[in-house]
Each structure stands twice: as structure tokens, then as C-alpha cells.
Amino acid sequence: MLAALAALALAFASSAAASDAPKEDHARLRYDPRFILERVAAHLHVTLRPDAPLPAILFESATPLGLFQDAMEKQWRFRPRVFVNAYTIAGNLIFLVDDAAHYGRHGRTLDDALAHELVHYLQVVYFKVDLGSRLIAEVCESEAVAVQEWFRARYVQIHDADPM
């Protein structure tokens, strides 16, 4: 059921993105998600396998809050009241806030947020990390933050400085 809802939300997001003019209040990815995944994987010395299922990416603007809450409640053992960036193991889903003001306030971008969540995907799918342990989860979160900062410095800030 969750997978069907995720597919529906992804299809809605894709069709909305294709048919609507970009909205200023929604952040957009500058890079293709595959590019971000490949760079993050290379940075972590991971060889991507074609048999490993890629996570679906669901944006807040096109995803019902209830879908996010249902997915994350199982993993976090509490029901989040608001939408946040997250990777859900059971559904292999990445949820991303796409409110442009959110990123402007924090000096981040949707691209580096995706890089962060892709680190968690790689930790779970390739490194077989069990995020159930609080200590392991903290170490994994530290690694994801470090890679997010690396990605921002390497690809986002350089892009911002480019006069093109």
C-alpha cells in the first residue's frame, strides 16, 4: 500500500513538474539525482550495482503529509508532526522539503539535502548498516552531514560562484 501511494505521489510530482511553470516558492534540483548519487557514491568509495533498487524521491509540495508520517512512524517509532528531509529504509524512499525559503534560511540547497539523504541510502543498502542503534545512527548522521558539506563546497558553492 505504501509503495503504491509513493508511486502515485512520484507520478503526481513528475507530471506537475512537467506541466507547471516553476514556482518561486519551490526549490528545484540543479543536478540530476543520478549525478548526485554517483558523486556521493564515489566519495564514499561505493561501486553502484545495477541490481540495487534506487530510492524514489518525494517532494513535500507533491506528497501528502500522511504518507510521510506513515512511512516515518514505522522507522522512528513516533509520528512526526511536520515534513522533514528523511530516508525511509522499509519503503526505500527519500522525502525532501522543497520550500525554497527553508534552504535560504539555512544556507543549504535541495541538492546538498539530497546528497545527505543519499548517504543514508548507501549506508543501509550498500554498507548494510542497522540504524536501530542510537550510537550507530549518530555516527551515520555525522557522516551524512560531512558528505553534505563536502558536496555543497564541491558542487554547489562552485556553481554559485560561476558567472554563467
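In mature numbering (1 follows the signal peptide of the UniProt record, and there is no 0), the protein residues as written are -18 to -1, 1 to 146.
Built from N, CA and C at the ideal position, the CB exists for glycine as well.
Note that the structure is a prediction, hence the values are computed from the model and not measured.
| message | Between Ala95, Asp81, Glu131, Trp132, which has its C-alpha nearest Pro43's C-alpha? | response | Here the question's residue 43 lines up with position 61 in the sequence shown. Before going further, note that residue 43 is Ser rather than Pro in the sequence given. Of the listed residues, the one whose Cα sits closest to Ser43 is Asp81.
| request: Could you check the C-alpha separation between Ala24 and Gln139 for me, to the nearest Å? | output: For the purposes of this step, residue 24 is taken as residue 42 along the sequence shown, with counting starting at 1. For the purposes of this step, residue 139 is taken as residue 157 along the sequence shown, with counting starting at 1. Cα-Cα distance, rounded: 19 Å.
| Beta-carbon proximity of Ile76 to Ile118, cut-off 9 Å | Within the sequence shown, residue 76 is the residue found at index 94, counting from 1. Within the sequence shown, residue 118 is the residue found at index 136, counting from 1. Contact flag unset, no.
| said: What does the Cβ neighbour count give for Leu126, buried or exposed, with the cut at 16 atoms within 10 Å? | reply: In the sequence shown, residue 126 corresponds to position 144, counting from 1. Looking at the sequence itself, residue 126 is Ala, so the reference to Leu does not match. By the neighbour-count definition (other C-beta atoms within 10 Å, threshold 16), Ala126 is a buried residue.
| For Tyr13, does the three-state DSSP call read helix, strand or coil? | The sequence position of residue 13 within the sequence shown is 31, counting from 1. Tyr13 falls in the coil class under three-state DSSP.
| message | Across the region 97 to 113 and the region 55 to 73, are there enough close Cβ pairs to call them in contact, namely three or more that are closer than 8 Å? | response | Between the region 97 to 113 and the region 55 to 73 there are three or more inter-stretch CB-CB distances shorter than 8 Å, so the stretches are counted as touching.
| request: Given a cut-off of 9 Å, decide if Leu92 and Tyr85 are closer than it, judged by their beta-carbon atoms. | output: Against the sequence shown, residue 85 aligns to sequence position 103. Against the sequence shown, residue 92 aligns to sequence position 110. When the beta-carbon positions are compared, Tyr85 and Leu92 come within less than 9 Å of each other.
| Beta-carbon proximity list for Met54, same chain, < 7 Å, skipping 5 on both sides | Position 72 of the sequence shown, counted from the first residue, corresponds to residue 54. So the list reads Pro62, Ala68, Thr70, once near-sequence residues are dropped.
| task | Would you list, in sequence order, the uninterrupted beta strand (DSSP E) runs of no fewer than 3 residues that lie entirely inside the region 117 to 144? | result | Listed in chain order, there is nothing to give.
| task | Buried or exposed for Ala(-10), please, with buried defined as at least 16 other CB atoms from any protein chain shown within 10 angstroms of its CB. | result | As a working note, residue -10 is residue 9 in the sequence shown. In this predicted model, Ala(-10) has a pLDDT of only 40, less than 50, meaning its place in the structure is not dependable; the value taken from the coordinates is given anyway. That one is buried.
| field | Residues sharing a beta bridge with Ala38, DSSP | value | Taking the first residue of the sequence shown as position 1, residue 38 is located at position 56. Answer is Leu75.
| message | Which same chain residues end up closer than 8 Å to Asp7 when comparing Cβ atoms and leaving out the 5 residues on each side of it in sequence? | response | Translated into the one-based positions of the sequence shown, residue 7 becomes position 25. Result list for Asp7: Asp81, Ala82, Ala83, in chain order.
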